[in-house]
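Novice:
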Amino acid sequence: MKRGQPGSRSQPSAPPSANMKIVVGIGGVTNGGKTTLTNSLCKALPNCCVIHQDDFFKPQDQIAVGEDGFKQWDALESLDMEAMVGTVQAWLSSPQKFARAHGIRLQPSAPDTHILLLEGFLLYSYQPLLDLYSRRYFLTIPYEECKWRRSTRSYPVPDPPGLFDGHVWPMYQKYKREMEACGVEVVHLDGMRPREELFLQVLGDIQNSLLNHR
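Using this note's numbering, you'd call the opening residue of the sequence shown number 4 and step up by one each time.
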């Protein structure tokens, strides 16, 4: 198995401990609603920190041009995944210290409960991350809806003509097929459903996980 490729994993269950730590992945297709869902969850959950995968893109001059003629922004190699794993490990080592360093006020009513949300488009394609999740979610939307949403977004590096059909969508399909072929277990979420429904579903799952850990 190549380093950085997903292996067969079922949804792990974290062992009980006095310091309850839950790591939740909010992954899936570009413009599928990941950030919106993550932000809503962060506001509703106690002592919740967020790590965005987009914060780990390598500098633009380090992004290679692929055989499709485009810079490979949607390839795993465009991300510093070792740094991302290191950041997750820092949270696992001391969620209280991590929260304080990122301006998160700890709630006195839940001093031993700590939640980390990972948000990104390639959360389940890097082996060292897979065993760290308590739950994994994967948002999907149809091709036409995704293309339309993408066209309405502004990015620091604007999409060149043809990027979506020539690179973004094919890479999404590639990594999704690899994830499925390797048996990485995720909870699929339909990104066409109302945002509030998705939020309540995932929030309920996480709250149930917290209860089961007590």
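For each residue, glycine too, the CB sits at the ideal point set by N, CA and C.
Quick one, which of Val160, Phe124, Phe167, Pro145 has its alpha-carbon nearest Arg153's?
Specialist: Among Val160, Phe124, Phe167, Pro145, the Cα nearest to that of Arg153 belongs to Phe167.
Novice: Smallest Cα separation from Ser43: which of Gln56, Ile29, Thr33?
Specialist: Ile29
Novice: Using a 10 Å radius around the Cβ and a threshold of 16 neighbouring Cβ atoms, would you call Lys37 buried or exposed?
Specialist: Per the 10 Å Cβ criterion, buried.
Novice: Tell me Tyr140's beta-bridge partners as DSSP assigns them.
Specialist: Ile29, Val190
Novice: According to DSSP, is Ser16 part of a helix, a strand, or is it coil?
Specialist: Bear in mind that the predicted position of Ser16 carries a pLDDT of just 47, short of 50, making it unreliable; the figure below should be weighed with that in mind. Looking at Ser16 - three-state DSSP - the assignment turns out to be coil, as it is neither helix nor strand.
Novice: For Asp208, which residues from the same chain have a beta carbon less than 8 Å from its beta carbon, with the 5 sequence-adjacent residues on both sides left out?
Specialist: Arg138, Val190
Novice: Output the distance between the C-alpha atoms of Asp134 and Val205, rounded to the nearest integer angstrom.
Specialist: 20 Å
Novice: With a Cβ-Cβ cutoff of 9 Å, do Cys45 and Val53 count as a contact?
Specialist: yes
Novice: Run through the segment 105-174 for me and flag every whole beta strand (DSSP E) of 3 or more residues, listed as ranges in chain order.
Specialist: 116-122, 138-143
Novice: Pick from Ala102, Arg180, Gly123: whose alpha carbon is nearest that of Pro114?
Specialist: Taking Pro114 as reference, the option from Ala102, Arg180, Gly123 with the minimal CA-CA separation is Ala102.
Novice: Do you know offhand how far Glu200's Cα is from Cys51's?
Specialist: 20 Å
Novice: Would Leu120 and Lys24 be called neighbours here (beta carbons separated by less than 9 Å)?
Specialist: no
Novice: From Asp162, Pro164, Pro163, Tyr127, pick the residue whose C-alpha is nearest to that of Arg180; which is it?
Specialist: Closest option to Arg180, Cα to Cα, is Tyr127.
Novice: Once you ignore the five residues that flank Pro98 on each side, which residues in its own chain have a CB closer than 8 Å to its CB?
Specialist: Asn22, Lys24, Asn50, Cys52, His117, Leu119
Novice: Opposite Ile54 in the DSSP bridges: which residues?
Specialist: Leu121
Novice: Assuming Ala78 and Phe59 make a contact with CB atoms under 8 Å, what is their CB distance in whole Å?
Specialist: About 13 Å separates the two Cβ atoms, so there is no contact after all.
Novice: Gly35: buried (16+ other C-beta within 10 angstroms of its C-beta) or exposed?
Specialist: buried
Novice: Relative to the C-alpha of Gly194, which residue among Tyr178, Cys149, Tyr158 is closest?
Specialist: Cys149
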